[in-house]
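As structure tokens, the structure follows; a few thoughts come after it.
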Amino acid sequence: MSYIQKEEYPAALQLLKRAEYISEKNNFQKSTTYNNLACYYRRRKKVKEALVYLHKALLIENNPDTRLNICAVLSHAGRHEQALESAMSSVILLQN
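Take the sequence shown: its position 76, counted from the start at 1, is 197 in this note's numbering, and no numbers get skipped.
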């Protein structure tokens with residue numbers, strides 16, 4: 122994630138793709154990697170790709186952090202009603 126913060130995108134993507142390969146057999150790591158890939162694509166303004174990875178993460182685990190990441194991506198894309206729904210889903214998950 123530090124490469125993303127430093128805007129060193131080629132290095133970030135290379136490491137994230139390696140993490141995706143390495144995490145293939147561990148669902149927690151795979152979900153985390155998908156969330157990180159989504160953050161990468163959101164920073165690159167590639168909303169569709171970010172949402173693809175976030176939905177992959179949701180298929181592994183219905184995680185409130187993933188729901189908040191979906192909220193951020195949707196809000197960034199101007200899809201505020203859908204973003205709000207995702208944020209509310211996150212709150213509900215946290216309350217249970």
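In this text, a Cβ means the ideal position worked out from N, Cα and C, and glycines have one as well.
A distance below 7 Å between beta-carbons, with the five flanking residues on each side excluded, links Ile181 to the following residues of its chain, in chain order: Asn148, Lys151 and Ser152. For Cys160, the closest of Asn183, Arg139, Tyr142 and Tyr124 by C-alpha to C-alpha distance is Tyr124. Listed in chain order, the non-local C-beta contacts of Ser211 below 6 Å within the same chain comprise Pro185, Arg188 and Leu189, local neighbours out to five positions each way being set aside. Annotation for Asn156: the continuous alpha helix (DSSP H) segment containing it runs Asn148 to Arg164. Leu137 places its beta carbon 8 Å or farther from that of Asn156. Non-local C-beta neighbours of Leu214 in its own chain, meaning closer than 6 Å and more than five positions away in sequence, comprise Pro185, ordered along the chain.
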